[in-house]
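Undergrad: Pasting in a structure now, in C-alpha cells, and then I'll have a few things to ask.
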Amino acid sequence: MRLLDVIGPVMIGPSSSHTAGAARIGRAARSLLGEDTARVVVGFHGSFANTYQGHGTDRAIIGGLMGFLQDDPRLCDSLALARAAGISYTFKEVRLRDAHPNTVTLDLTGASGVHVFVRAASLGGGAILIQEIDGLPVRVSGDAPTLIIVHRDTPGVIAKISGALADAGLNIANMQVSREAQGRGAISVLELDACASESTITALRAQQGAGRSPASFGAAGQSPALNDIIRVTWMCG
Amino acid sequence: MPKEDSIRAFIEECGTGDLAAYLISAEAAETGLSADELRASMAERWDVMRASAAAALESADRSLSGLTGGMGARLYAADRALPGGETLRKAAAYALAIAEYNAQMGRIVAAPTAGACGILPAALLTAIEQRAGHSPVLNNNIPQELIIDALFCAAAVGRVIASRASVSGAQGGCQAECGSAAAMTAAALTILYGGTAAEMEHAVAFALMNTMGLVCDPVGGFVEIPCVFRNVMGVGLALSCADMALAGIKSIIPADEIIDAMREVGDSMPAQLKETGLGGCAACPTARACARG
Numbered sequence: 000m001r002l003l004d005v006i007g008p009v010m011i012g013p014s015s016s017h018t019a020g021a022a023r024i025g026r027a028a029r030s031l032l033g034e035d036t037a038r039v040v041v042g043f044h045g046s047f048a049n050t051y052q053g054h055g056t057d058r059a060i061i062g063g064l065m066g067f068l069q070d071d072p073r074l075c076d077s078l079a080l081a082r083a084a085g086i087s088y089t090f091k092e093v094r095l096r097d098a099h100p101n102t103v104t105l106d107l108t109g110a111s112g113v114h115v116f117v118r119a120a121s122l123g124g125g126a127i128l129i130q131e132i133d134g135l136p137v138r139v140s141g142d143a144p145t146l147i148i149v150h151r152d153t154p155g156v157i158a159k160i161s162g163a164l165a166d167a168g169l170n171i172a173n174m175q176v177s178r179e180a181q182g183r184g185a186i187s188v189l190e191l192d193a194c195a196s197e198s199t200i201t202a203l204r205a206q207q208g209a210g211r212s213p214a215s216f217g218a219a220g221q222s223p224a225l226n227d228i229i230r231v232t233w234m235c236g
Numbered sequence: 000m001p002k003e004d005s006i007r008a009f010i011e012e013c014g015t016g017d018l019a020a021y022l023i024s025a026e027a028a029e030t031g032l033s034a035d036e037l038r039a040s041m042a043e044r045w046d047v048m049r050a051s052a053a054a055a056l057e058s059a060d061r062s063l064s065g066l067t068g069g070m071g072a073r074l075y076a077a078d079r080a081l082p083g084g085e086t087l088r089k090a091a092a093y094a095l096a097i098a099e100y101n102a103q104m105g106r107i108v109a110a111p112t113a114g115a116c117g118i119l120p121a122a123l124l125t126a127i128e129q130r131a132g133h134s135p136v137l138n139n140n141i142p143q144e145l146i147i148d149a150l151f152c153a154a155a156v157g158r159v160i161a162s163r164a165s166v167s168g169a170q171g172g173c174q175a176e177c178g179s180a181a182a183m184t185a186a187a188l189t190i191l192y193g194g195t196a197a198e199m200e201h202a203v204a205f206a207l208m209n210t211m212g213l214v215c216d217p218v219g220g221f222v223e224i225p226c227v228f229r230n231v232m233g234v235g236l237a238l239s240c241a242d243m244a245l246a247g248i249k250s251i252i253p254a255d256e257i258i259d260a261m262r263e264v265g266d267s268m269p270a271q272l273k274e275t276g277l278g279g280c281a282a283c284p285t286a287r288a289c290a291r292g
C-alpha cells in the first residue's frame, strides 16, 4: 500500500465502495462499450440494492458512464446531465447467485447500437473487479492499463495479439484467456506495464471482423466473420 | 519487520533523523516518484481538505438520505459559552461539517476512509488556528511544509494499521475507521507540534486503546448516524492523545501490540457489528423506523 493511498483518494462521498468504486465501474463500462451510451439498464445486487439511493450509487454509475472521475463534483448531478444528454437509464434490483454484496450489472447499448453486458463488484476502498463481460468470466481491476479483446477461440489469435504488443515494445504483466466453448467466442484480458499508443490499438482494431460480440457466432460450426479478432477494448487511467 | 508492518520498525529504521524526510525518501525509492512529486501530491490532498472544510461550513443541505446536514455549521456558529471551550468547539464543528459534507456527495479526502474523513482535517485546521499568533517556535504561521510532513507521518501510521489490522469497517468495525483516523491524527498533531517519533508512537497507542472494540453500526446502512458523531469523538480523542504524548506521558503498551489486539477484536466481532446496519445503533427501534423512511 502506498502512503498516498492511505490519505486519499480524493473522492466524492459518501462511500469509497458505494460511490467512488461505483463511479470507477461506470467509467470502465464506458471503455468496454467504446462509445457514448444511448441506453443502460443497471441492476443492483445485495447491499447496493438496499442502499444505492442514499449512497448516490445510481448517480455514480451514470456519472462514470459519462466519463466522470471519482472526484468529479458533477457525479452528484449526473442523472440530470444524463437526461439532458439523451441517455436513457433504468435501475432495478437483481438477485445474483454467489455474488459479492456490492455487485452491479450493466446492460449497455451504445450510440451506434453496440451492445455490452458487464458485471462488476466494488470491493471496498474504491477497488473494483469486473467479473463478466458478455457472458464470459474475467477478472479486471482496472488498476493497470488493460487491453480486453473478444476473439474467436482458434490457434494463432493470441500470437497475433502478443505480436502486435511486442512490435510496439509493450510488456504484458498479466494475461487471462477464457472461452465460451471450443472454437467459439473467447476473451483475452492483458494487463500491460504502460499505456498502448493510439497506433497500436488502431493496428489491432484493423484486424477486427464484422462480429461485435461472442453471441454473433451463432450455432456451433457456423463460420464466423473472416477475421479472428472481434472487438478490441482499451482502458488506460 | 518491514516498515509497512510496524510503527516501531520505521521509527528505528529512521534513527535520529527527520521522520517525515525518511518516510518520503523511502516512498520515493519504491514508487519511482521524486520527493517533490510526492510532497506536491500530498499538498493537493491538503488543499482538498481545506476546501472541503470551507464548503462544509457554508452548507445547510441535507444528505441524500435526509438523516444529517447543517449540524456542523450550527455548532460552529453556536453563540453561547460551551463547556468544551473554543478549541474543542471548532474541532468538533469542522469534523461534523466535513463528515456531513461527505454524506451530501461533497468532494473529500478519504483519511483513511470516507466515513472517517472529518477527523484529520478538523484536527489540523484547529491546531493551526490555535497556534497562529501564539507560537514561540513557528510565529503566526505553521509553514505548509510542516503540515505535509505531519500528513506523511500520519499516512505511515495508517499503513501499518491497514497491514497489521484493517482500516475497513466491514472488516474491523469502527475501531478500524474512526479509530485508525484518530490514531493517524494524533500522530500528525504530535509531529506538527514538534514532538519526537517516540512521542508520536505513544499518541497512536493512546488513541487506539480508547477506540478498541468500537463497532460499525450505520443506521440504514448509510455513512451518517452515528458516523458523523464518531468523527467528533475522533477529533477530540486525537487532540487529547497528542496533548498527553507531548506532555511526556508514555503508553506502557507499544502501538504495534495494540494494533494486533485491534485485529483480534475485529476478527471476533460478529457480522452484525461490521457495517451491515444490523446491530448497535442501527438495531435500535427508532433507527429501524428511520431506515424504513
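Protein chains in written order, with numbering that gives the first Met the number 0: chain A, 0 to 236; chain B, 0 to 292.
Don't be surprised by glycine CBs; every beta carbon is placed ideally from N, CA and C.
(1) Does Thr50/A get closer than 9 Å to chain B when you measure Cβ to Cβ?
(2) Does any CB atom of chain B fall closer than 9 Å to the CB of Ser187/A?
(3) Can you grab the Cα-Cα spacing for the pair Asp35/A / Cys173/B, in whole Å?
(4) If I'm right that Arg88/B touches Leu74/B with Cβ under 8 Å, what's the distance once you round it to whole angstroms?
(5) When you compare each of Ala185/A, Ile147/A, Gly33/A, Gly20/A to Leu68/A by their alpha carbons, which one comes out closest?
(6) Could you give the C-beta distance for Val188/A and Val115/A, rounded to a whole number, given that I count them as a contact under 8 Å?
(7) What three-state label does DSSP hand His99/A in the structure shown?
(8) Please classify Gly194/B: does DSSP put it in a helix, a strand, or coil?
(9) Mapping DSSP to helix, strand and coil, what is Pro72/A?
(10) Mind listing the chain A neighbours of Val234/B? Cutoff is C-beta to C-beta under 8 Å, in chain order.
(11) Look at the alpha carbon of Ile118/B and the alpha carbon of Ile23/B, and state the distance between them as a whole number of angstroms.
(12) Three or more C-beta pairs under 8 Å: does that hold for the region 274-286 of chain B against the region 231-245 of chain B?
(13) Rounded to whole angstroms, what is the Cα-Cα separation between Ser33/B and Ala27/B?
(14) Could you tell me the alpha carbon to alpha carbon distance between Ile132/A and Tyr93/B, rounded to whole angstroms?
(15) Please list, in chain order, the chain B residues whose beta carbon lies closer than 7 Å to that of Gly7/A.
(16) Closer than 8 Å by beta-carbon distance: list the chain B residues that pair up with Ser15/A, in chain order.
(17) Taking the alpha-carbon positions, what's the Thr86/B to Val231/B distance?
(18) With DSSP as the reference, please indicate the residues paired to Gln192/A in a beta bridge.
(19) Would a check of beta-carbon distances place Leu150/B closer than 9 Å to chain A?
(20) Is the separation between the beta-carbon of Thr50/A and that of Val103/A shorter than 9 Å?
(21) What residues in its chain sit with their C-beta under 8 Å from that of Ser196/A, if we drop five residues either side in the sequence?
(22) When you compare the CB of Leu80/A with every CB in chain B, is at least one pair closer than 9 Å?
(23) Tell me whether Gln103/B is buried or exposed, calling it buried when 16 or more other Cβ atoms sit within 10 Å of its Cβ.
(24) Please tell me whether Cys75/A has its Cβ less than 9 Å away from any Cβ of chain B.
(25) Mind pulling the chain B residues with CB within less than 7 Å of Pro72/A?
(26) Figure out for me which residue from Ala180/A, Leu64/A, Gly42/A, Val9/A has the closest Cα to the Cα of Ala27/A.
(27) Take the Cβ of Leu37/B as the centre, count every other Cβ of all protein chains shown within 10 Å, and call the residue buried at 16 or more, exposed below.
(28) Which same chain residues, not among the five before or five after His44/A, have their C-beta less than 6 Å away from its C-beta?
(29) With distance defined between alpha-carbon atoms, name the residue in Cys194/A, Leu80/A, Ala126/A nearest to Asp4/A.
(30) When the Cα of Leu63/B is compared with those of Asp259/B, Phe221/B, Ala90/B, Cys226/B, which residue comes out closest?
(31) With which residues is Tyr88/A paired in a DSSP beta bridge?
(32) Give the residues of chain B in contact with Gly53/A, contact being defined as C-beta atoms less than 7 Å apart.
(33) Just the Cα atoms here: how many angstroms apart are Gln181/A and Asp152/A?
(34) Which residues mark the beginning and the end of the alpha helix (DSSP H) in which Ala22/A is found?
(35) Expressed to the nearest angstrom, what Euclidean distance is found between the alpha-carbon atoms of Thr30/B and Ala244/B?
(36) For the region 189-253 of chain B, list the alpha helix (DSSP H) runs that are entirely contained and at least 4 residues long, ordered along the chain.
TA: The relevant details are as follows:
(1) Output row for Thr50/A: interface = yes.
(2) It does not; no Cβ of chain B falls within 9 Å.
(3) Computed Cα separation, rounded: 40 Å.
(4) Taking C-beta atoms under 8 Å as the contact rule, Arg88/B and Leu74/B qualify, at a distance of about 6 Å.
(5) Of the residues Ala185/A, Ile147/A, Gly33/A, Gly20/A, the one whose Cα lies closest to the Cα of Leu68/A is Gly20/A.
(6) In fact, because the Cβ distance is near 15 Å, the residues do not count as touching under 8 Å.
(7) His99/A falls in the coil class under three-state DSSP.
(8) Of the three classes helix, strand and coil, the one that applies to Gly194/B here is coil, per DSSP.
(9) Three-state result, Pro72/A: helix.
(10) Under the 8 Å cutoff, chain A gives no residues; its nearest Cβ is about 16 Å from Val234/B.
(11) If I take the Cα positions, the gap works out to 23 Å.
(12) No: the two stretches stay apart, fewer than three of their Cβ pairs being nearer than 8 Å.
(13) Approximately 5 Å, taken between the alpha carbons.
(14) Computed Cα separation, rounded: 44 Å.
(15) The answer, in chain order, is Arg44, Val108, Ala109.
(16) In chain order: Ala109, Thr112, Ala113.
(17) So the alpha carbons of these two residues sit roughly 13 Å apart.
(18) For clarity, residue 192/A is Asp in the given sequence; the question names Gln instead. DSSP output for Asp192/A lists no bridge partner at all.
(19) Under the Cβ criterion of 9 Å, Leu150/B is counted among the residues facing chain A.
(20) In this structure, Thr50/A sits away from Val103/A, with a CB-CB distance that is not shorter than 9 Å.
(21) Cβ within range, chain order: Ala167.
(22) Leu80/A does not count as touching chain B.
(23) Gln103/B comes out buried.
(24) Yes - at least one Cβ of chain B is within 9 Å of the one on Cys75/A.
(25) Those within 7 Å of Pro72/A in chain B are Arg106.
(26) When only C-alpha atoms are compared, the closest one is Leu64/A.
(27) Around the beta-carbon of Leu37/B, 16 or more other beta-carbon atoms lie within 10 Å, marking it buried.
(28) Setting aside the 5 residues that flank it on each side, His44/A is surrounded in the same chain by Val93, Leu95, Ala98, Thr102, each with a C-beta closer than 6 Å to its C-beta; the list follows chain order.
(29) Nearest C-alpha to Asp4/A: Ala126/A.
(30) Taking only the C-alpha atoms, the option nearest Leu63/B is Phe221/B.
(31) Per the DSSP secondary-structure output, Tyr88/A pairs in a beta bridge with Val39/A.
(32) At a beta-carbon threshold of 7 Å, the residues of chain B lying near Gly53/A are Leu63, Ser64, Gly219, Phe221, ordered along the chain.
(33) Take the alpha-carbon of Gln181/A and the one of Asp152/A: they are about 6 Å apart.
(34) Residues 20-32.
(35) Roughly 32 Å between the two C-alpha positions.
(36) As far as the region 189-253 of chain B is concerned, its whole alpha helix (DSSP H) runs of at least 4 residues are 196-210, 226-245.
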